[in-house]
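K.L.:
The structure under discussion is supplied below as C-alpha cells; questions concerning it will follow.
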C-alpha cells in the first residue's frame, strides 16, 4: 500500500522552520518563522493559528522556502518582508535604510515626556536629521498630534522610503521629508525658523568596528548609515556645530549614541558654550543610548 504524502501545513512548516532557524542562530526563531509565513500568505500572524492545519500550495511553499534560505544566511527578516515595527507603527523598509530598533524608542520616549511636561512644547517644531526610514519623525508626529516635523536624509533612496512611510501613516500634512546634507535643506524650505527640537540617530559605529558587526548588519544594512568615522562621533560633531543656530532658546537636542560612547559624548557636548543641562539617557537594557542637551 502506497504511503500518503505528508502535507506541509501551517503547523508543520512553522515547527520545521523554527528548528532550522535555531540551528542557523537566526534571532527569535519562532517569531521570524511566523513573520515570513504571514508575509507569504498575506495574512495577519494571528490567523496562522486559526488556520493551523491549512496546507500550503506549491507556489506558497516555493516562495516561503526561498525566504527561509535567505533568512538562514542572516538576511534580516525586515528586509525579506519589507516591513519593520517601531513604537507601535508598521513601517516600510528596504536595504536603503537601517532597520528601526527598539533602542531608538528611548529617544522618542524621552522627547514625548519632555514635550508633555514642559510648557510651550506641546506643539513643537521638530527637525529630524539622518531620518532613514522616517521612524523617529513618524513616531513623534503620531504621538504629538499638533507637532510639525521636517525630516532630512542625505540618501535619495532613504528619502523615498521615508516619504512612503509618511504617506502610509497619514502624516503628510505635518511631516515633510527633504533630501540633503544635515542642515543644508533648510536653505530651500519655506519655514526655516529655529526649531524647538532637533533629533537624530546618526551613524555612530567607529570605522574600525564595522568589520566586527554581526553579519546580518554589516552584510545587509547600508554602511553609510552605520559608519560614524574614527570614533563614531563625526556626524554628532557636525550636528552640534550648528545646533545653537538651529534651536530656539530653551530648545533641546537628542542624539542617539553607541552603548560605549556616553562619557565621550558628554565631554563633546560640554565643549559647546550655548548648550547646557547635558543628560545621558539609558535604553531598555540599561545602556547609555541618547545624549540630550538644552540651548541656553
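Residue numbers (full-length UniProt numbering): 1 to 296.
Every residue, glycine too, gets a C-beta built ideally from N, C-alpha and C.
Alpha carbon to alpha carbon, how far is residue 139 from residue 86?
P.N.:
As a first step, residue 139 is located in the chain shown; it is residue number 139 there, counting from the start. As a first step, residue 86 is located in the chain shown; it is residue number 86 there, counting from the start. The straight-line gap from Cα to Cα measures roughly 8 Å.
K.L.:
Among 120, 113, 130, 110, which has the Cα closest to the Cα of residue 100?
P.N.:
Taking the chain shown and counting its residues from 1, one reaches residue 100 at position 100. It is 130.
K.L.:
Quick one: what does DSSP say residue 49 is sitting in, helix, strand or coil?
P.N.:
Stepping through the chain shown from its first residue, residue 49 is reached at position 49. Note: residue 49 maps to helix in three-state DSSP.
K.L.:
Just to confirm before moving on: does the CB-CB distance between residue 124 and residue 148 stay below 9 Å?
P.N.:
Within the chain shown, the letter at position 124 stands for residue 124. Within the chain shown, the letter at position 148 stands for residue 148. Yes; because the gap between Cβ atoms is below 9 Å, this pair is in contact.
K.L.:
So for residue 184, helix, strand or coil by DSSP?
P.N.:
Within the chain shown, residue 184 is the residue found at index 184, counting from 1. Helix.
K.L.:
How would you label residue 134, buried or exposed, when you count the other beta carbons within 10 angstroms and need 16 or more for buried?
P.N.:
What you label residue 134 is simply residue 134 of the chain shown in a count that begins at 1. Residue 134 comes out buried.
K.L.:
With burial defined as no fewer than 16 other Cβ atoms inside 10 Å of the residue's Cβ, what is the status of residue 277: buried or exposed?
P.N.:
Against the chain shown, residue 277 aligns to sequence position 277. The residue in question, residue 277, is exposed, as its Cβ has fewer than 16 Cβ neighbours within 10 Å.
K.L.:
Would residue 48 and residue 80 qualify as a contact pair, given that the criterion is a beta-carbon distance under 9 Å?
P.N.:
The residue you call residue 48 lines up with position 48 of the chain shown. The residue you call residue 80 lines up with position 80 of the chain shown. No, these two residues do not count as a Cβ contact at 9 Å.
K.L.:
Just reading off the alpha helix (DSSP H) that residue 156 is part of, what are its end residues?
P.N.:
Position 156 of the chain shown, counted from the start, is the residue given in the question as residue 156. Residues 156 to 168.
K.L.:
Between which two residues does the beta strand (DSSP E) carrying residue 254 extend?
P.N.:
The count along the chain shown starts at 1 and reaches residue 254 at position 254. Where residue 254 is concerned, the enclosing beta strand (DSSP E) stretches over 247 to 256.
K.L.:
Let's see if you can read the secondary structure: which residues bound the beta strand (DSSP E) around residue 197?
P.N.:
Here residue 197 is taken as the residue at index 197 of the chain shown, counted from 1. Residues 195 to 200.
K.L.:
Using the three-state DSSP reduction, which class does residue 215 fall into: helix, strand or coil?
P.N.:
Stepping through the chain shown from its first residue, residue 215 is reached at position 215. Residue state, collapsed to three classes: helix.
K.L.:
If I follow the unbroken alpha helix (DSSP H) through residue 87, where does it start and stop?
P.N.:
In the chain shown, residue 87 corresponds to position 87, counting from 1. Element bounds for residue 87: n/a, residue is neither H nor E.
K.L.:
What do you get for residue 28, buried or exposed, if any count of 16 or more other CB atoms within 10 angstroms of its CB means buried?
P.N.:
As a working mapping, residue 28 is identified with position 28 in the chain shown. Flag for residue 28 reads exposed.
K.L.:
Take every Cβ of the stretch 66 to 73, pair it with every Cβ of the stretch 176 to 193, and state whether three or more of those distances are shorter than 8 Å.
P.N.:
no
K.L.:
Sort 188, 72, 218 by Cα distance to residue 20 and report the nearest one.
P.N.:
For this step, residue 20 is matched to residue 20 along the chain shown. When each option's Cα is compared against that of residue 20, the closest is 72.
K.L.:
How should residue 22 be labelled, buried or exposed, when 16 other C-beta atoms within 10 angstroms of its C-beta is the threshold for buried?
P.N.:
For the purposes of this step, residue 22 is taken as the residue at position 22 of the chain shown. It is exposed - the Cβ of residue 22 has fewer than 16 other Cβ atoms within 10 Å.
K.L.:
Indicate whether residue 53 and residue 11 have their beta-carbon atoms separated by less than 9 Å.
P.N.:
On the chain shown, residue 53 is found 53 positions in, with the first residue counted as 1. On the chain shown, residue 11 is found 11 positions in, with the first residue counted as 1. In this structure, residue 11 lies closer than 9 Å to residue 53 by Cβ.
K.L.:
Starting from the C-beta of residue 260, find all residues in its chain whose C-beta is less than 8 Å away, skip the five residues before and the five after it, and write them out in chain order.
P.N.:
Stepping through the chain shown from its first residue, residue 260 is reached at position 260. Excluding sequence neighbours, residue 260 sits near 288.
K.L.:
Under a three-way DSSP split, which group does residue 68 fall into?
P.N.:
Here residue 68 refers to the residue found at position 68 when the chain shown is read from its first residue. Helix, per DSSP.
K.L.:
Indicate whether residue 238 and residue 182 have their beta-carbon atoms separated by less than 9 Å.
P.N.:
Taking the first residue of the chain shown as position 1, residue 238 is located at position 238. Taking the first residue of the chain shown as position 1, residue 182 is located at position 182. Yes; because the gap between Cβ atoms is below 9 Å, this pair is in contact.
K.L.:
Whose CA, out of 223, 120, 108, lies closest to the CA of residue 211?
P.N.:
Sequence index remark: in the chain shown, residue 211 carries index 211 (1-based). Checking every option, the nearest Cα to that of residue 211 belongs to 223.
K.L.:
With DSSP as the reference, label residue 276 as helix, strand or coil.
P.N.:
Taking the chain shown and counting its residues from 1, the one referred to as residue 276 is at position 276. In the structure shown, residue 276 sits in a strand (DSSP, three-state: E or B).
K.L.:
At what residues does the beta strand (DSSP E) containing residue 295 begin and finish?
P.N.:
Start at 1 with the first residue of the chain shown, and residue 295 comes out as number 295. 288 to 295 is the span of the beta strand (DSSP E), which, as asked, contains residue 295.
K.L.:
Starting from the C-beta of residue 2, find all residues in its chain whose C-beta is less than 7 Å away, skip the five residues before and the five after it, and write them out in chain order.
P.N.:
Locating residue 2 in the chain shown gives position 2, where the first residue counts as 1. Confidence at residue 2 is low in this model, with a pLDDT of 46, below 50, so its placement is unreliable and the value that follows should be read with caution. Once the five neighbours on either side are set aside, residue 2 has no close Cβ partner at all.
K.L.:
Excluding the 5 residues flanking residue 178 on each side, which residues of the same chain have their C-beta closer than 6 Å to its C-beta?
P.N.:
One-based indexing of the chain shown puts residue 178 at position 178. Result list for residue 178: 152, 185, in chain order.
K.L.:
Starting from residue 231, trace the beta strand (DSSP E) both ways and give me its first and last residue.
P.N.:
Taking the first residue of the chain shown as 1, we reach residue 231 at position 231. Per DSSP, residue 231 is not a residue of any beta strand (DSSP E), being assigned neither H nor E.
K.L.:
With H, G and I counted as helix, E and B as strand and the rest as coil, what does DSSP make of residue 227?
P.N.:
Counting from one through the chain shown, the residue named residue 227 turns up at place 227. In the structure shown, residue 227 sits in a strand (DSSP, three-state: E or B).
K.L.:
Span of the beta strand (DSSP E) holding residue 9?
P.N.:
Stepping through the chain shown from its first residue, residue 9 is reached at position 9. It is not in any beta strand (DSSP E) - residue 9 carries neither H nor E in the DSSP assignment.
K.L.:
Answer yes or no: do residue 56 and residue 225 have a C-beta to C-beta separation smaller than 9 Å?
P.N.:
Here the question's residue 56 lines up with position 56 in the chain shown. Here the question's residue 225 lines up with position 225 in the chain shown. For residue 56 and residue 225, no; Cβs fall outside 9 Å.
K.L.:
Determine which residues share a DSSP beta bridge with residue 151 and list them.
P.N.:
To locate residue 151, count along the chain shown from 1; it is residue 151. The partner list for residue 151 (beta bridge, DSSP) reads 128, 177.
K.L.:
Is the beta carbon of residue 175 closer than 9 Å to that of residue 141?
P.N.:
Stepping through the chain shown from its first residue, residue 141 is reached at position 141. Stepping through the chain shown from its first residue, residue 175 is reached at position 175. In contact: residue 141 and residue 175 (Cβ atoms closer than 9 Å).
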